[in-house]
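Take a look at the structure set out below.
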Amino acid sequence: MSSDFNKGIMKFDNADGPLTVALSAIVIFGSVGLLIGWGLETAYLVGQLS
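Right, here's the structure in full:
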């Protein structure tokens, strides 16, 4: 039985490979972390001394 991961936007070889999944997770979680940090800094002036 073939994998369902080779459908839609993920139509390329190794779309569900461990390296691709790891890189995608790093990009997604890194972006979320940056957005949370930017939001906290903007709303509460976190990290600003003066």
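Residue numbers for the sequence shown follow my numbering, beginning at 6 and rising by one. Every residue, glycine too, gets a C-beta built ideally from N, C-alpha and C.
{"Asked": "Which of helix, strand or coil DSSP assigns to Ala27", "Found": "helix"}
{"Asked": "Distance between Pro23 and Leu50 (C-alpha atoms, nearest Å)", "Found": "38 Å"}
{"Asked": "Simplified DSSP state of Leu50, which is helix, strand or coil", "Found": "coil"}
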